[in-house]
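Here is the structure we will look at.
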Amino acid sequence: MPAALDAIIDELRESDRQERIDLLIDFAKNLPPLPPELEARKDAEHRVEECQSPVYLFVEMIGDRVALYGDAPAEAPTVRGFVSLLLEGLNGAAPEDVLKVPGDLVDRCGLTEVLGMLRVRGLAGVLRRIKRDVARVAMLQHAGH
Amino acid sequence: MGEAYAHPEALVSTQWVQDHLDDPKVRIVESDEDLLLYDLGHVPGAVRIDWQGDLQDQVVRDYINADRFAELCSKSGISSDTTVVFYGDKSNWWACYAFWAFTLFGHKNLKIMNGGRKLWIDESRPLTRETPAYPRTDYKVAGGDEAAIRAFRDDVLAHMKAGGKLIDVRSPKEFTGEMQHMEDYPQEGALRAGHIPGAKSVPWSRAVDDEGKFKSVPELKTIFEKEAGLKPADDVVAYCRIGERSSLTWFVLTYLLGYPRVRNYDGSWTEWGNLVRAPIERGPGA
Numbered sequence: 554m555p556a557a558l559d560a561i562i563d564e565l566r567e568s569d570r571q572e573r574i575d576l577l578i579d580f581a582k583n584l585p586p587l588p589p590e591l592e593a594r595k596d597a598e599h600r601v602e603e604c605q606s607p608v609y610l611f612v613e614m615i616g617d618r619v620a621l622y623g624d625a626p627a628e629a630p631t632v633r634g635f636v637s638l639l640l641e642g643l644n645g646a647a648p649e650d651v652l653k654v655p656g657d658l659v660d661r662c663g664l665t666e667v668l669g670m671l672r673v674r675g676l677a678g679v680l681r682r683i684k685r686d687v688a689r690v691a692m693l694q695h696a697g698h
Numbered sequence: 330m331g332e333a334y335a336h337p338e339a340l341v342s343t344q345w346v347q348d349h350l351d352d353p354k355v356r357i358v359e360s361d362e363d364l365l366l367y368d369l370g371h372v373p374g375a376v377r378i379d380w381q382g383d384l385q386d387q388v389v390r391d392y393i394n395a396d397r398f399a400e401l402c403s404k405s406g407i408s409s410d411t412t413v414v415f416y417g418d419k420s421n422w423w424a425c426y427a428f429w430a431f432t433l434f435g436h437k438n439l440k441i442m443n444g445g446r447k448l449w450i451d452e453s454r455p456l457t458r459e460t461p462a463y464p465r466t467d468y469k470v471a472g473g474d475e476a477a478i479r480a481f482r483d484d485v486l487a488h489m490k491a492g493g494k495l496i497d498v499r500s501p502k503e504f505t506g507e508m509q510h511m512e513d514y515p516q517e518g519a520l521r522a523g524h525i526p527g528a529k530s531v532p533w534s535r536a537v538d539d540e541g542k543f544k545s546v547p548e549l550k551t552i553f554e555k556e557a558g559l560k561p562a563d564d565v566v567a568y569c570r571i572g573e574r575s576s577l578t579w580f581v582l583t584y585l586l587g588y589p590r591v592r593n594y595d596g597s598w599t600e601w602g603n604l605v606r607a608p609i610e611r612g613p614g615a
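Structure (structure tokens):
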């Protein structure tokens with residue numbers, strides 16, 4: 554797993570309930586805006602279906618490193634915070650490290666404890682979507698595109 | 330357009346709430362789908378009541394018991410005669426759910442803030458991050474008439490067999506059975522997709538406008554009576570996937586249109602879609 558994500562997980566895990574909420578809110582506030590060219594491409598293909606809120610993800614390769622972009626509405630701070638956390642933890646990582654991120658990341662961050670089991674349902678979908686897109690983009694690049 | 334809601338006292342405006350922020354007889358309660366919203370900023374003086382963490386038993390699939398409800402109210406500064414005003418995100422889904430849950434315990438004087446959290450913010454009304462603390466009360470649970478507003482699976486089966494009216498408020502694709510919503514929704518999963526035979530599809534969101542406010546009586550009558558074929562005297566059961574969105578429809582039919590007999594089937598599709606020998610129907614329905 555990428556070191557940056559590892560550090561974020563550690564920080565969340567060592568925090569108490571209110572600190573975890575505050576950290577997630579900070580992540581939500583600090584989600585960088587989408588570059589204008591991606592803003593124009595917010596379509597069904599880039600929407601995470603598993604989330605009830607409109608969440609969009611974009612994956613590119615810059616050299617041999619993963620570049621992630623995402624957007625989620627301010628009215629859905631939980632998912633916005635989680636997208637922001639993943640972007641910060643995974644940007645610049647090697648694709649194989651992204652693919653190694655454990656599927657139970659939400660649990661490992663202690664977010665299930667804070668948010669409750671029913672609420673974290675869409676979050677796992679965001680991570681899966683990122684891994685799927687990273688695998689696809691990395692494979693295309695490997696094939697010489 | 331001027332036709333009044335059947336029970337207009339159950340709905341208050343954002344201005345009414347702002348005028349009653351310091352009213353000791355009124356307690357404002359925020360109930361959201363997204364837990365973090367309250368922490369980001371809420372109506373000054375509002376307490377948070379979470380449908381999952383506060384109102385549901387985490388072991389039994391049921392609501393908390395009367396003792397725990399009394400404790401929740403006592404620590405939130407709510408007395409038996411306090412007027413409780415709910416508001417929240419997603420056009421007041423969870424606010425309606427909390428309203429319904431409070432009704433189960435027999436609390437009177439419940440209201441919904443029309444337009445919810447979004448309208449309050451859109452109107453640039455005050456927000457705070459400060460969590461209020463109120464003097465403890467000694468709440469006494471009145472005890473509600475659960476059978477009047479809550480349907481269990483056997484009630485629903487009997488209702489269905491008798492040709493009773495059923496309103497399915499999930500998305501159209503869940504209704505037809507095209508979408509099962511299994512993947513990544515392990516806690517909301519159902520083994521089969523479709524709807525309860527005879528149910529009409531009226532997605533919950535149709536009852537609210539773009540501002541998040543409830544539609545007018547004529548608009549609601551068009552949706553529920555002309556299109557879905559309900560009549561005011563009907564015995565109606567509403568359901569969704571876990572029983573939260575259908576409490577919004579329960580609120581609309583009971584308080585805005587004045588139907589005397591509406592029950593929320595909170596077991597909903599996660600129960601029905603998994604029940605052995607429970608009949609289901611696929612496709613667009615009758």
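As given, the protein sequences belong to chains W and L, one line each in that order. Our numbering puts the first sequence at residues 554 to 698. Our numbering puts the second sequence at residues 330 to 615. Just so it is clear, CB atoms sit at the ideal spot from N, CA and C, and this is done for glycine as well.
Cα-Cα separation between residue i and residue j, rounded to whole angstroms
i        : j        : result
Tyr468/L : Ala395/L : 10 Å
Asp563/W : Arg661/W : 9 Å
Glu459/L : Val358/L : 14 Å
Leu369/L : Ser606/W : 18 Å
Gln347/L : Pro455/L : 9 Å
Gln516/L : Arg672/W : With a pLDDT of 48 at Gln516/L, under the threshold of 50, the modelled position of that residue is not reliable, and no figure is offered here.
Leu621/W : Asn644/W : 6 Å
Met511/L : Ala519/L : Unreliable positioning characterises Met511/L in this predicted model, as indicated by a pLDDT of 48, which lies under 50. A coordinate reading is not provided.
Val605/L : Ile393/L : 27 Å
Leu664/W : Ile407/L : 30 Å
Leu495/L : Val565/L : 6 Å
Ala617/L : Leu384/L : Residue 617/L is absent from the model: chain L starts at 330 and stops at 615.
Glu556/L : Ser575/L : 18 Å
Val679/W : Val687/W : 12 Å
Lys582/W : Ala627/W : 8 Å
Asp513/L : Arg674/W : Model confidence at Asp513/L stands at a pLDDT of 46, short of 50, so the residue's coordinates are unreliable and nothing is read from them.
Val654/W : Glu567/W : 19 Å
Gly493/L : Thr631/W : 39 Å
Met330/L : Thr578/L : Per-residue confidence for Met330/L stands at a pLDDT of 48, beneath the threshold of 50, marking its modelled position as unreliable; the derived number appears in the next sentence. Cα to Cα, Met330/L sits roughly 21 Å from Thr578/L.
Ile373/L : Thr457/L : Checking the sequence shown, residue 373/L turns out to be Pro, not Ile. Taking the straight line from one Cα to the other gives about 6 Å.
Glu600/L : Arg482/L : 8 Å
9 Å Cβ cutoff met for residue i and residue j
i        : j        : result
Ala333/L : Leu439/L : no
Ala471/L : Phe428/L : no
Phe580/W : Arg618/W : no
Ile378/L : Tyr416/L : no
Tyr568/L : Tyr584/L : no
Cys425/L : Phe553/L : no
Arg592/L : His524/L : no
Ile561/W : Leu365/L : no
Val601/W : Ala629/W : no
Arg573/W : Val690/W : no
Gly444/L : Ser342/L : yes
Asp497/L : Ala536/L : no
N-terminal and C-terminal residue of the alpha helix (DSSP H) that residue i is part of
i        : result
Glu503/L : Pro501 to Thr505
Ile615/W : Careful: Ile615/W lies outside any alpha helix (DSSP H), inside the beta strand (DSSP E) at Tyr609 to Ile615.
Lys582/W : Arg570 to Lys582
Leu643/W : Pro630 to Leu643
Gly445/L : Gly445 to Asp451
Proximity test, residue i beta-carbon vs the ligand ATP heavy atom, cut-off 8 Å
i        : result
Arg566/W : Although the ligand ATP was asked about, the structure shown includes no ligands whatsoever.
Cβ of residue i within 9 Å of any chain C Cβ
i        : result
Val632/W : Here chain C cannot be found, since the structure's protein chains are W and L.
Can you list the beta strand (DSSP E) stretches of 3 or more residues lying completely in the region 404–431 of chain L, in chain order?
If only complete runs of 3 or more residues are kept, the region 404–431 of chain L shows the beta strand (DSSP E) at 412–416, in order along the chain.
Check distances from the C-beta atoms of the region 355–385 of chain L to those of chain W and list, in chain order, the residues that come in under 7 Å.
So the list reads Asp363, Leu364, Leu365, Leu366, Asp368, Leu369, Gln381 and Gly382, given in the order they occur along the chain.
Taking a cut of 8 Å between CB atoms, which residues from the region 411–432 of chain L lie near chain W?
For the region 411–432 of chain L, which is checked against every Cβ of chain W, the residues closer than 8 Å are Asp418.
Just list the beta strand (DSSP E) runs in the region 350–377 of chain L, keeping only unbroken ones of 3 residues or longer that don't cross its boundaries, in chain order.
Taken in chain order, the complete beta strand (DSSP E) segments of 3 or more residues contained in the region 350–377 of chain L are 355–359.
Contact residues within the region 668–696 of chain W, judged by C-beta distance below 8 Å to chain L
Closer than 8 Å at the C-beta level to chain L, one finds these residues of the region 668–696 of chain W: Leu668, Gly669, Met670, Leu671, Arg672, Arg674, Gly675, Ala677, Gly678 and Arg681.
Short-range partners of chain L found in the region 617–628 of chain W, where Cβ spacing is below 8 Å
From the region 617–628 of chain W, only Glu628 have a Cβ closer than 8 Å to chain L.
Quick one, which residues of the region 518–552 of chain L are near chain W if we go by CB-CB under 9 Å, in chain order?
Across the region 518–552 of chain L, no CB contact with chain W closer than 9 Å is found for any residue.
Short of 8 Å Cβ to Cβ, which residues in the region 573–595 of chain W face chain L?
Listed in chain order, the positions of the region 573–595 of chain W with a beta carbon within less than 8 Å of a beta carbon of chain L are Ile574, Asp575, Leu577, Ile578 and Ala581.
Interfacial residues, the region 645–669 of chain W to chain L, with Cβ spacing under 8 Å:
Cβ contacts with chain L: Val667, Leu668 and Gly669.
Only counting runs of 4 or more residues, tell me where the alpha helix (DSSP H) segments fall wholly within the region 543–601 of chain L, in order along the chain.
Given a length threshold of 4 residues, each whole run of the alpha helix (DSSP H) inside the region 543–601 of chain L is given here in chain order: 546–550, 574–580 and 597–601.
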